Amino acid sequence: MESMRGQLLFPAQAGHRAVHLAAAGVLCVLFWVAVGLAGEQAVSRGPGVLQVTDFLPAGYVVDGSVSYQAAIQKALDVAAQTRRALVFPPMVYRLDDPTGLRVPSGSTLLMHGAVFRLSERIRQDGQAFCAQDVTDVTFLGGEVAGQRHRWPDSVNVAGIRIKGRSARIRVRDMYLHDLSSNGIGLFGPGEHEMIEDVWVENVLIRNCCNKYIDYLEPGMGPVKGSVREDQGGVAFYFVRNFVVRGCSLEDSRSDGTHFYRCHEGRFVDNKVSGSQMGGYFIETCQYVLAANNLIRANGSRGVTIERGSRYCNLVNNVIEGSGREGLWAPESIGLVVTGNIFRHNGRKDHGQLDGEIMINKSRHDPSNTPRAENYRVADNLFITTASQDAVIRVLPKAADIVIENNTFRGDCRKVFVDRQSPDVRSVVVRANDGAELVERAAPR
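Under my numbering, the residues of the sequence shown are numbered 32 to 475, in order.
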């Protein structure tokens, strides 16, 4: 409506704007075609560009057998000070110091074909790239290669870690793997000082995060020496206005994602698979939307939306083969779950956690949200197995829950509602094809 209003009020300006935008779009496409066809060579020289190799010693090697970390840091600093993009030509850049490369504000790193290999000798926490209180930082291309199989479990090394009051962060076309902490971790200071305006696109994160032992195994929980912030191939804490799109998050040793106290986010067109624990995990978030994702074969819950999350949705996703529920949604408010396929979740024999959806109040909730409230679960397809005891469970504490127009297929078709509890109120179950409603009757 805003753009239409502008055209009505200022038709001439709108026409000129359209011409300028079209021209800018053509230039943008031509630029990315050039980068795609010829790497950074297309933009590697000129007044607005620096080459990192200009800062390396004569006779430098390209196989990663020698570390030039101090020289690379100098190149980063000079590029930012002179407002120039920094090109990393294709070669292996060895990183021995776990402090990582400090990325200043205003940095644009062009890294297609570059490999940043962290040393196998690292014995303390760290990362490949770090930034604090930065704005206008862009990472384009490149690979970050960890060596977690050579590091102790207590050593937590991330790919990109950004902290403080930061904004306008872009990460695209990267491959991060074999790290013992996040592939990408953004950690804002708090609710009133959030990191803002973040886009992560076309990124592959594989075999990253701290090691987390399953609830059914001895020594359950994160391994000693790691912290909660090390969980999640993508981990955002206190981030507002973000997009994670077109990414593949594979084989996390803990959770595929962790979004904590984030606002106004979009998690779309991604694949999350093979995590040791959860797939897509949001905690105490507001207005975070998940759509068109493939969430498969994760070891615990496929999706968790919990601890006072408000006005979030889960729309048009495929969620299958999870170790526990496809969706666990305790104590949230205003949740919409629609148009999804839930298939063969609850693979592990773990009591009531073998279903497709669980709605309840968890035992431990730091947000102190009183109940699960105002949920709509509609127009989903459930395909189940004989090992499941119920497809959907509504347990205390829950109120104003609508479950309607869903399709149930497979061996288990039960929707269980605990109406016996005074803490389960106003639950509507109707027009579900193939469903069997099982109610624990309220006392008379």
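The C-beta atom is built at its ideal place from N, Cα and C for all residues, glycine as well.
Predicted, not measured: the structure shown is a model, and the values here were computed from it.
Around the CB of residue 247, fewer than 16 other CB atoms lie within 10 Å, so the residue is classed as exposed. Counting along the chain, no alpha helix (DSSP H) covers residue 472, and no H or E run does either. Between residue 183 and residue 131, the alpha-carbon positions lie close to 18 angstroms from each other.
For residue 126, the CB contacts under 8 angstroms within the same chain, skipping 5 residues up- and downstream, are 98, 100, 132, 147, 148, 149, 150 and 159 in chain order. Only buried fits residue 374, as 16 or more other CB atoms lie within 10 angstroms of its CB. Comparing alpha carbon positions, the residue from 318, 153, 105 and 86 closest to residue 290 is 318.
From the listed residues 237, 271, 189 and 193, the smallest Cα separation to residue 222 is found for 271.
With a cut-off of 8 angstroms on Cβ pairs, the stretch 234-250 is not in contact with the stretch 191-200, counting fewer than three such pairs.
Residue 105 is classed as exposed because its beta carbon has fewer than 16 other beta carbons within 10 Å across all chains shown.
Residue nearest to residue 418 within the set 446, 381, 109 and 448 is 381 (criterion: CA-CA distance). By the Cβ rule, the stretch 401-413 does not count as touching the stretch 309-329, because fewer than three pairs are nearer than 8 angstroms. Residue burial is scored here from C-beta neighbours: residue 114 has fewer than 16 other C-beta atoms within 10 angstroms and is therefore classed as exposed. The way I'd put it, the stretch 223-232 doesn't touch the stretch 279-289; fewer than three beta-carbon pairs between them come closer than 8 angstroms. When the five nearest sequence neighbours on each side are left out, the beta carbons in the same chain lying within less than 6 angstroms of the beta carbon of residue 266 are those of 213, 216 and 289, in order along the chain. Cβ contact annotation for residue 392 (same chain, cutoff 7 angstroms, sequence separation greater than five): 361, 362, 402, 403, 427 and 428, in chain order. Rounded to the nearest whole angstrom, the C-alpha separation of residue 152 and residue 96 is 13 angstroms. Distances from the CA of residue 311 to each of 339, 356 and 269 were compared; the closest alpha carbon is that of 356. The residues 184 and 242, in chain order, have a CB closer than 6 angstroms to that of residue 254 in the same chain once the five nearest residues on each side in sequence are set aside. When the Cα atoms are used, residue 338 and residue 110 turn out to be separated by approximately 43 angstroms. Taking a 10 Å sphere around the C-beta of residue 406, we find 16 or more other C-beta atoms and assign the residue as buried. For residue 310, the secondary structure class from DSSP, reduced to helix, strand or coil, is coil.
Beyond the five residues adjoining it in sequence on each side, residue 340 comes within less than 8 angstroms, by CB distance, of 313, 314, 315, 316, 317, 319, 363, 364 and 366 in the same chain, given in chain order.
Approximately 4 angstroms separates the beta-carbon atoms of residue 134 and residue 162; this is inside 8 angstroms, confirming the contact. As summarised for the stretch 174-254, there are no continuous alpha helix (DSSP H) elements at least 4 residues long confined to that stretch.
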